[in-house]
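For reference, the structure is listed below as C-alpha cells.
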Amino acid sequence: MSVRHALTAGAAAVLLAAPLWAPPYFMHLLIQILLWGFIYTAWSLMGRFGFVSLGHGAFMGVGAYVPALLWNYYSITPWLGIPLGIAMAVVLAVVIGYPCFRLRVVGHYFALVTLALSQVVLLSIVAARDITGGSLGLTQNAAGFSWYALQFPDKRYFYVISVVLWLGGLLVWRSIDRGVSRQALDAISEDEEAAAAIGIDVLREKLRVTVISAALTALGGAIFGQYLMYLNPETVSGIAVSLQIVFAAIVGGMYTMLGPIVGALLTISLNEGLRVAFATNFIGAANTIYGILLILCIIFMPRGIVGVLERIALRRLQPHAVTATASAPSSGQ
Amino acid sequence: MDIYLVEAIVNGILLGGVLALLALGLNLIFGVIDVVWIAYADIVMCGMYLIYVLYVVLGWPLPLAFLAGILALGGFGVLVHLLIIEPILRSAPINQLLATGGLLFFLQSFATLLFGTDFRNIGVRLPIIELGEVYISYARLMAFAIALIGAVALYLFLKRTFIGTAIRAIAQDRDIIGLMGIDQRRVYLITSMIGGALAGLAACLLSLQYDVHPFIGNTFGPLIFMICVLGGLGNMIGGFVAAFVISQIISIGGYYSNTEASYVLAFTLFIVLMFVRPRGILTP
C-alpha cells in the first residue's frame, strides 16, 4: 500500500516538475506520449470488452479537422469548434454503432466495418482537397499566444493541458471500471446472447461505451491538432492510425488503467530512440521491431506489459488471490 | 455513350479480375480457418519485391521469377500459419486478426528498411491494344485472363479433388471433420499454402501494371476485405460478383468524380450492405 502511494507520489512529482527541467524536445515527447496515451485509453474503454474497433482513426480525424476548418474559414473559436467536432464524432459513432450492435455485427466483422469507416473519413478528407488541403495537410491560421484560438507557442501550456486530459481519461476509465456497467459489459463480452437473456440492455450498454470512447478520441485528436498546428489526413485518420491505436493499447495492456500510457511511452520512445541512434539510415527499423513485438505480445501475453506486471505483483503480494482474478476476461468474443 | 466512360467500364472489369483473385485467396483462408489475414495485401507486396529482385537485380528470366514468386509466397503462407496463427488458433478470432496486423507492420517497415520508399518497376512494357476508339492495356487484359484461369483452376481443385472437398467440408463444420478421418492441421496448412500462392499469382499480375512500394498494400488491402465479406464467406461466386461491383464503382465513380470520392462511395456501400445483407450480397 505505502509502496504504491510512494510510487504514485513520485510519478506525480516527476510529471509536475517536468516543465522546470525538461528541454523543449523532451517536452514535445512528453506531450505526445500523454496525448496518445489519452487516445489509447479512450480506445481501451471499448477494446477491453472485446469490441475491437479499427475505426478510431475516423473519430480522431473528425475531432481534429472540424475545429481546424471552422477556425480557418469562419474564425470560429476552437472552444466551440472542438465540442462540435466531438458531437460529429459521436453522431458517426452512433450511426455505425447502432446498426452494428442491433444486428449483432461482432468480432472481426465489427473490426472490418469500423475499418471501412476509418477509410471513409480518411478518403473524404483527401477527396475534399479544395477545402482540407488533401494529402498536403492543413495548417491552422496562427494567432500567436491566444486563449481564444487555443494556441500557445509555449509548450508548457500544452503540457499542462495534456496532463489534465490524460488524468481525466484515467478518471473516466476508472468510473467505468468500478461502475455497474462494468459487470454488464463483462457479461456481454463473454456471451452476448446470455447477457441479453438475463435482462442486460446489450444495445444500450455497448452504445454508451462506444459513444464515450469516440468522444474522448475526438477530443484527443482536436488537442493534438491544436498542439501540432498542422493536420495531415494520414497522421490523424485512416487505417494506419487506427491500427497504431489498437496495437499500442494492446502492447501496453488494454485491461489495465496504466496499460495504454505504457504502450504510448514504449512506442514513442522506441521510435525516437531508433531515430536518434540511426538517423535516417534505418527508416522503418522502429516499426520492424514494433511489428515483431506486437505478434509476440498477442501470442504470449495478450494482457500486455502492464497486465503481466500486475499479475506478477499480485502473485507476490497475495499468492492465493491470483486464481480469483485469473478468470477475468482474457480475450472476449 | 462517352468513349471515356466505356474505357472506365472496361478498365473496371479488368481490375475486377485481379481483385477477385485476391479476394478468393482471402476468402479461402477466412472461410476455412476463420482467420482474417489483415496483412494479405502486404504479403502480395513482398511477392512483388521478390519478383523485382529476381528479375531486375539478379536477371532471372521473367517466367522463372514469376514461378519463384508464386512458390515462395505459398511457402510464406505456410509459415504465417505455423508461426502466427497456430499458436493462437484457440483464442478469440479477433486476436488472430490483430496478430496478422503485427505482421502488416513488420512487412511494411521491413520492406522500407530494405528498399526505401522509392517506387520500383520491373520495367516490362506491354503494348496497348486499340479497339475502335477504346484503349486497353495488354497487361490488364492478360492479368484479367490469368486471374480468371486461376479462379477456375481453384474452383476445379476444390470441387474435384479429395483435399479440395475436405477444405470445403471444414469450412462448413470444423468440429465434425476429425470424425471423417481428415487431419485438420494438414487442411489448414494446405489452405494457407494455396492462399499464399494466390497472393503470389496476384503479385505477378500486379507487378506488370503497378510500381511496387512498401505501402502499396494500404491502397488495395482494405478493398479486398470488403469484397471478401460482401461476397459472403465461402461463396466463391459471390466474391466474384462483389469484386466486379466494387471495381465498377471505383472506375465509374472515378470517371464522374475523383478517385478518392469513388473509394468513399465503395466503402460506404460496404458498410450499408453489411447491415442489409450481412451474409453477403448473393445470400438473402
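Protein chains in written order, with this note's numbering: chain A, 19 to 351; chain B, 6 to 289.
Each residue gets a CB set at the ideal place from its N, CA and C atoms; glycine is no exception.
A check of alpha carbon separations from leucine 131 (chain B) across B:Tyr268, B:Gly236 and B:Leu210 identifies B:Leu210 as the nearest. The beta-carbon of glycine 106 (chain B) is placed less than 8 Å from the nearest beta-carbon of chain A. The shortest C-alpha to C-alpha distance from glycine 80 (chain B) to any of B:Ala266, B:Leu194 and B:Ile34 is the one to B:Leu194. Within the segment 135-146 of chain A, the residues whose Cβ lies closer than 7 Å to some Cβ of chain B are Leu135, Gln137, Val138, Leu141, Ser142, Val144 and Ala145, listed in chain order.
The Cβ of valine 108 (chain A) sits no closer than 8 Å to any Cβ of chain B.
Beyond the five residues adjoining it in sequence on each side, tryptophan 54 (chain A) comes within less than 6 Å, by CB distance, of Ala282 in the same chain, given in chain order. Taken atom to atom, the span from the alpha-carbon of aspartate 180 (chain B) to that of phenylalanine 167 (chain B) is near 18 Å. In the three-state reduction of the DSSP assignment, isoleucine 229 (chain B) falls in the helix class.
The C-beta of tyrosine 58 (chain A) comes no closer than 8 Å to any C-beta of chain B. A direct Cα-to-Cα measurement between isoleucine 90 (chain B) and glycine 309 (chain A) gives close to 15 Å. When 8 Å is used as the limit between beta carbons, isoleucine 268 (chain A) is near these residues of chain B: Leu103, in chain order. For leucine 203 (chain A), there is no enclosing beta strand (DSSP E); the residue is part of the alpha helix (DSSP H) that begins and ends at 199-208. Here DSSP, grouped into helix, strand and coil, assigns threonine 166 (chain B) to coil. The Cβ atoms of glycine 302 (chain A) and phenylalanine 225 (chain B) lie no closer than 8 Å to each other. According to the DSSP secondary-structure assignment, glutamate 135 (chain B) is paired through a beta bridge with B:Tyr140. Pairwise C-beta distances place the segment 273-287 of chain A out of contact with the segment 92-102 of chain A, as fewer than three of them are shorter than 8 Å. Between the segment 138-158 of chain B and the segment 9-27 of chain B there are three or more inter-stretch CB-CB distances shorter than 8 Å, so the stretches are counted as touching.
Using a Cβ-Cβ cut-off of 9 Å, valine 85 (chain B) is close to nothing in chain A; its nearest Cβ partner there is about 10 Å away. Counting only residues of its own chain and dropping the five nearest sequence neighbours on each side, serine 153 (chain A) has a CB closer than 6 Å to the CB of Val144. By the Cβ criterion, the segment 60-78 of chain A is in contact with the segment 123-134 of chain A, since at least three pairs of Cβ atoms, one from each stretch, lie closer than 8 Å. Between alanine 247 (chain B) and alanine 156 (chain B), the CB-CB gap reaches or exceeds 8 Å. Looking at the DSSP output, threonine 157 (chain A) sits in a beta bridge with A:Tyr248. The alpha-carbon of glutamine 169 (chain A) is positioned some 8 Å away from that of alanine 160 (chain A). The closest CA to that of serine 142 (chain B), considering only B:Leu10, B:Asn16 and B:Met231, is found on B:Asn16.
Interface criterion not met: the Cβ of asparagine 126 (chain B) is under 8 Å from no Cβ in chain A. Non-local C-beta neighbours of glycine 103 (chain A) in its own chain, meaning closer than 7 Å and more than five positions away in sequence, comprise Val80, Gly81, Val84, Pro85, Ala236 and Ala240, ordered along the chain. Within a 10 Å sphere around the beta-carbon of tryptophan 39 (chain A) sit fewer than 16 other beta-carbons, which makes this residue exposed.
Per DSSP, the unbroken alpha helix (DSSP H) holding methionine 279 (chain B) starts and ends at 264-281. Residue environment: glutamate 138 (chain B) is assigned as exposed (fewer than 16 neighbouring CB atoms within 10 Å of its CB, all protein chains considered). Per DSSP, the unbroken alpha helix (DSSP H) holding aspartate 47 (chain B) starts and ends at 45-57. Residue pairing from DSSP places glutamine 169 (chain A) in a beta bridge opposite A:Ser164.
Rounded to the nearest angstrom, the gap between the Cα atoms of alanine 212 (chain A) and leucine 203 (chain A) is 12 Å. Within the same chain, and ignoring the five residues on either side of alanine 60 (chain A) in sequence, the residues whose Cβ sits closer than 7 Å to its Cβ are Gly187, Ser231, Leu234, Thr235 and Gly238. Runs of the beta strand (DSSP E) lying entirely within the segment 247-326 of chain A, each at least 3 residues long, are absent. Where threonine 150 (chain A) is concerned, the enclosing alpha helix (DSSP H) starts and stops at 147-150. Neighbourhood of methionine 231 (chain B) in chain A, by CB distance below 7 Å: Ala134, in chain order.
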